[in-house]
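Comments concern the structure below.
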Amino acid sequence: MARGPLRRLAGRGFRVVRFDNRDVGRSTHLSGPGISAWGFLTRRARPVYTLADMADDTGGLIARVAPSGAHVVGASLGASVAQETAIPPRPGPVADLGDGPPRRRHRADRAADAARVPAPPPADPVEGLVRSFRRIGSHDRTAVDDEDVRVTFRRAQARETGDGSGAGRQLAAIVAERDRTADLRALTCPALVLHGCEDRVIRPDGGRATAAAVPGAELVEVPGMGHDLPRWVWPELVEGIARTAARAHTR
C-alpha cells in the first residue's frame, strides 16, 4: 500500500507496520519456477509456496510485534493474504481491503483480458508500470498518481536484495489459490471489503462474493475505482479502516 494512506492512519493513532512479503525486497528469498505465460492464461501453476504459507509469515510477524492481535490490511495480493491470515489459528481482527477469491468465471475473464491486451516488455520498466496502471487503474487518475507509482516502484527496486524472480513465484501462488469460502464463513472478526467498480483484474462480483462469505462484512464499492489506489480513494480507504477497527474494539 502507498505511504500516503499509511501516514494518515498513523496520524489517526494506529501503529502501522508494513513489511516485505517473502521472496521480495529484504525478506527471505526462495528459488524455483514461477509461472509461464501459458500457465497464467490457463490459470494453472505448480507453486513453490502458497498464499497460506505467506499468511503464516504474516501471523508469525503479528505474534512478534502485536501478540494481543492486529488489524490486517491488504490490497490485491495482500488482500488474499489478509484473508488467509484471519482464518484460525492465526491471530488478529482483520480489516480486509481489496478483493477475494475469484470464482472460476472470474479467472477466465482475467485470462481473456490478458489475451486481449498483450504487452511486450517495456524498455523502461518504471514507465511500463505507469502505463499498466493507466490501463487497469481508476478513472480520473492524475499525473500525481502516476508519479506515486514511479516513486513506489523505485523504492521497491532499491529494497530488492534478490534477483527479481520472486514476483513470478508469488504470481504462481495467486493462480493456484484455494477457495476460501467455507473458512471465511466461519470468521467472527469485523471485516471490510473495499472494491473498485471498474476493477478489470478482479471483477466487482469477486468482491461481492467475498463480502457475502464473511458474516457481517461491510462491502464498499467505489464508483470509478480500478485495480489501484489513486489519491482520491485515500480518504474513503482510511475511514473504512478506522471504522472497521472501531468495530473490532467494541467487541
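Residue numbers 1341 to 1591, in our numbering, belong to the letters of the sequence shown in order. Quick reminder that beta carbons are idealized off the backbone N, C-alpha and C, glycines included. A quick note: this is a predicted structure, and the numbers were derived from the prediction, not measured.
| Item | Value |
| --- | --- |
| Check whether the Cβ of Ala1516 lies closer than 7 angstroms to any Cβ atom in chain B. | In the structure shown, chain B does not exist; there is a single protein chain. |
| What separation, rounded to the nearest whole angstrom, lies between the Cα atoms of Pro1429 and Thr1590? | 22 angstroms |
| From this set, Gly1351, Arg1347, Arg1343 and Val1364, which residue's C-alpha is nearest Ala1498's C-alpha? | Val1364 |
| Of all the options Val1484, Met1565 and Val1533, which has the alpha carbon lying nearest to the alpha carbon of Arg1548? | Val1533 |
| Just checking Leu1346 against the ligand FAD - is the residue's beta carbon closer than 6 angstroms to any of the ligand's heavy atoms? | Ligands displayed in this structure: none; no statement on the ligand FAD is therefore possible. |
| To which residues does DSSP link His1535 through a beta bridge? | Glu1561 |
| Quick one: residues in its chain with C-beta nearer than 6 angstroms to the C-beta of His1479, no 5 flanking neighbours on either side, listed in chain order? | Gly1564 |
| Spatial neighbours of Arg1352 within its chain, please: CB distance less than 6 angstroms, with the 5 preceding and 5 following residues excluded, ordered by chain position. | Ala1582 |
| Do you know whose CA, among Asp1397, Val1515, Ser1472 and Ala1586, lies nearest Arg1384's CA? | Val1515 |
| Any idea what DSSP makes of Ala1553, helix, strand or coil? | helix |
| From Thr1584 to Ala1531, what does the alpha carbon distance come to, in whole angstroms? | 6 angstroms |
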